[in-house]
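Written out below as structure tokens is the structure these notes cover.
2 protein chains.
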Amino acid sequence: MKATAVANANIALVKYWGKRNKELILPFNSSISMVCDGLHTKTTVEFGDYDEDSIKINNEELQKDEKDVLGHVERIRKIAGINKKAKVISEANFPVAAGLASSASGLAALTLAASKAAGLDLSERELTMLARQGSGSASRSISEGFGIWNKGEKEDGTDSFAETIAPKAHWPEFRMIACIVSEAKKATSSRAGMSQTVKTSPYYEGWLKTIDQDIENMKEGIKKKDFTLVGSTAEANALKMHATMITTDPSIIYWAPGTMEIMHSILQWREEGLESYFTMDAGPQVKILCLEKDLEEIQKRLSNLVKKTIVCKPGDGARLTEDHLF
Amino acid sequence: MKATAVANANIALVKYWGKRNKELILPFNSSISMVCDGLHTKTTVEFGDYDEDSIKINNEELQKDEKDVLGHVERIRKIAGINKKAKVISEANFPVAAGLASSASGLAALTLAASKAAGLDLSERELTMLARQGSGSASRSISEGFGIWNKGEKEDGTDSFAETIAPKAHWPEFRMIACIVSEAKKATSSRAGMSQTVKTSPYYEGWLKTIDQDIENMKEGIKKKDFTLVGSTAEANALKMHATMITTDPSIIYWAPGTMEIMHSILQWREEGLESYFTMDAGPQVKILCLEKDLEEIQKRLSNLVKKTIVCKPGDGARLTEDHLF
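Protein chains in written order, with my numbering: chain H, 1 to 326; chain D, 327 to 652.
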């Protein structure tokens, strides 16, 4: 009753921000992302005769505010109908809770490892729906390449699943450069932030009105490998999401001075003919979208702006491994 | 046929962003501001037997892209029915076109000086409506203290004027600290920016929906000298305006890294019990709202963040002076 899974983080190109159902984690809008080769979490789960559940993430015992992880283990245990305690060890190779989608890779790896350890044999679609209930964006870290998390319409969430739009081999030249502006944990969690935005931002309605068009443009851009369409849609979508955050009461401002500096640099570079786009999630990090041919030049220019970068290309979905952490 | 006027800039506490009529400069929403003692423009106008109009602003001949200034002189000349060329010299004691409302003080001073030099004797209300046609926010630099520019409903603009809500003596403890983050001219003028926002931002509708409440809160806050209500309303309103700018296509991002640094500092200081609020206009500068009692402490903390600050209190409206510039 032991299994280990590896799952990559994903970077949303059309963002998820706001839940229509908090219990089942059902979103107000569909979202599209790229699974990021290189930003992964590895998780080993064993169900056994332990006295209590124990969860260690990056060598730290689970904090009380991370109860959703424990709740997810309990959810899987119930589905499997087993009655044993869990030992979970999880390690990410990148900073946690700083806007680099650590909860996506973490909950996706946990979902696959725990369901396997519990004896469940779930389909890819079932795994995306189960991961979704741990952390919405985790649903997009199950399948490979470029994927969509369909918002679904049903109250029970059975049509709110993720699937691949294009496998990683479709567009191997696509790159995302994560610029680590700050490794500090963010002040407002995504979960609390989006809930407050839905309640108080006067712009949330405007956000939802424009999402379907963004989704259509992004699907078309990915299918046609139209980098300008993908990049410009992603950048505008990120700005729209941050504008809903900024206008939340109280205001949620994830951008740091370093965030702003990189954003302006990218706008400037684009005017000079070097094509790249920025996107930011619930944190200060900037993720730059570019093509392989421009990677070297962009990294050269970035060296004056940010100390640490991580480059990713379209990656694999979650997979099992025999290389256990304990 | 020569007159000189001095007018102060004003800082909008509820912002003006978007015109319903570009010819007459009629806004979609009412706005409220404080006239800033200390940020002034002085302008001397003479109509005489010159070969051509000449306009010098801060020792520089008028640029071709500043034709609205020449157009405003022509507008006043037509109203007065005179046929002489104008010599205009204007000087501001603060950076021009960097989001410090230089066009407001400039066009207000020009309106008063040119109308007087042309032999017109206009009421305060008439002056605000005339100044409005030169630059919308200039309408708010005619009257003293805290004022409102009523959006009006009429097509001909005759009900779109500014007036004092509270004279400067009503709240002498109120302070605005302008933090000069950058003296560079802004890339997108307010005029071009707001026009593009109205056309393309998916959030402009949401902006307009919430303005009436902001106006009511701000009026009440000023009347009751409720600093918390005034400050929090102003800060949230500024964030809402910038969120419409950010989501304009193409995006208009006026914030610089230094802007962000001061914003975060103010939020932090507030958590620590030092009450101040930020507001930003079409540029990178941050204007801090505070009370006189906290001015020293805030300035001390600011000294590590920004090189140049200008402190203003509620100021006078536009007035004539015999101290001509030529």
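Each residue gets a CB set at the ideal place from its N, CA and C atoms; glycine is no exception.
Under 9 angstroms from the C-beta of residue i: neighbouring residues of chain D
| i | result |
| --- | --- |
| Y50 of chain H | Correct list: empty, because the minimum Cβ distance to chain D is about 41 angstroms. |
Anticipated Cβ contact below 8 angstroms, residue i with residue j, distance rounded
| i | j | result |
| --- | --- | --- |
| I82 of chain H | F47 of chain H | 6 angstroms |
| E216 of chain H | F278 of chain H | Contact doesn't hold; Cβ gap of about 22 angstroms is too wide. |
| Q299 of chain H | A178 of chain H | Not confirmed; about 12 angstroms, so no contact. |
| S137 of chain H | Y254 of chain H | Contact flag wrong, Cβ pair sits at about 15 angstroms. |
| C290 of chain H | S276 of chain H | 4 angstroms |
| V399 of chain D | D379 of chain D | 6 angstroms |
| E183 of chain H | G532 of chain D | Between G532 of chain D and E183 of chain H the Cβ distance is about 34 angstroms, and since that is not below 8 angstroms, they are no contact. |
| M327 of chain D | A443 of chain D | 5 angstroms |
| I252 of chain H | G193 of chain H | 5 angstroms |
| K285 of chain D | S356 of chain D | With chain D represented from 327 up to 652, any question about residue 285 of chain D goes unanswered, as that position is not in the structure. |
| G18 of chain H | V198 of chain H | 5 angstroms |
Opposing strand residues paired with residue i [DSSP bridges]
| i | result |
| --- | --- |
| W475 of chain D | D:S357, D:A488 |
| G48 of chain H | H:K85 |
| L289 of chain H | H:M176, H:Y277 |
| P314 of chain H | H:C36 |
| K328 of chain D | D:E372 |
| R645 of chain D | D:V332 |
| S416 of chain D | D:T369, D:I383 |
| L26 of chain H | H:N21 |
| T309 of chain H | H:C179 |
| V340 of chain D | D:I358 |
Per-residue contacts from residue i into chain B (C-beta, under 9 angstroms)
| i | result |
| --- | --- |
| M544 of chain D | Among the protein chains of the structure shown, namely H and D, there is no chain B. |
Neighbouring residues, chain H, relative to residue i (Cβ below 7 angstroms)
| i | result |
| --- | --- |
| D575 of chain D | A236 |
| A569 of chain D | Y203, A243, I246, T247 |
| K634 of chain D | Going along chain H, no residue has its Cβ under 7 angstroms from K634 of chain D, so there is no contact; the nearest lies around 18 angstroms. |
Neighbourhood of residue i by C-beta, 6 angstroms cutoff - its chain only, sequence neighbours within 5 removed
| i | result |
| --- | --- |
| L26 of chain H | R20, G157, S160 |
| K308 of chain H | I180 |
| K368 of chain D | V332, E417 |
| L651 of chain D | T370, I415 |
| V306 of chain H | C179 |
| S190 of chain H | A282 |
| F227 of chain H | L291 |
| I592 of chain D | S602, F604 |
| T188 of chain H | I252 |
Contacts that residue i makes with chain D (C-beta to C-beta distance below 7 angstroms)
| i | result |
| --- | --- |
| W255 of chain H | M586 |
| M263 of chain H | I579 |
| L239 of chain H | I572, T573, S577 |
Chain H contact residues for residue i, given Cβ-Cβ distances below 9 angstroms
| i | result |
| --- | --- |
| L555 of chain D | Going along chain H, no residue has its Cβ under 9 angstroms from L555 of chain D, so there is no contact; the nearest lies around 14 angstroms. |
Spatial neighbours of residue i in its chain, beta-carbon cut-off 7 angstroms, leaving aside the 5 residues before and after
| i | result |
| --- | --- |
| S201 of chain H | T244, T247, T248 |
| D540 of chain D | V340, T559, N563 |
| G221 of chain H | L229, V230, T233 |
| E261 of chain H | L305 |
| K639 of chain D | D363, P498, F500, R501 |
| K78 of chain H | none |
| G134 of chain H | D68, H72, L107, L110, T111 |
| L87 of chain H | For the sequence presented, residue 87 of chain H should be read as Lys rather than Leu. So the qualifying residues of the chain are E46, G48, Y50, S54. |
| E386 of chain D | none |
| S431 of chain D | A333, N334, A335, L365, H366, T367, A418, S467 |
| L208 of chain H | F28, N29 |
| E300 of chain D | The first residue shown for chain D is 327 and the last is 652, placing residue 300 of chain D beyond what the model contains. |
Same chain, Cβ closer than 8 angstroms to residue i, five either side skipped, listed in chain order
| i | result |
| --- | --- |
| T647 of chain D | T330, A331, V332, K368 |
| K287 of chain H | I11, M176, I177, A178, C179, F278, T279, M280, D281 |
| I491 of chain D | I358, G471, F472, G473, I474, K545, I548, K549 |
| I468 of chain D | A333, A434, T437, L438, E450, L453, T454, A457, A488, G643, A644 |
| L70 of chain H | D53, I55, L62 |
| T536 of chain D | K566 |
| I402 of chain D | T437, A440, S441, A444, L446, L456 |
| K22 of chain H | S195 |
Practice task
Could you run through the region 525-540 of chain D and flag, in chain order, every residue whose CB is less than 9 angstroms away from some CB of chain H?
Solution key: S527, P528, Y529, Y530, E531, G532, W533, K535, T536
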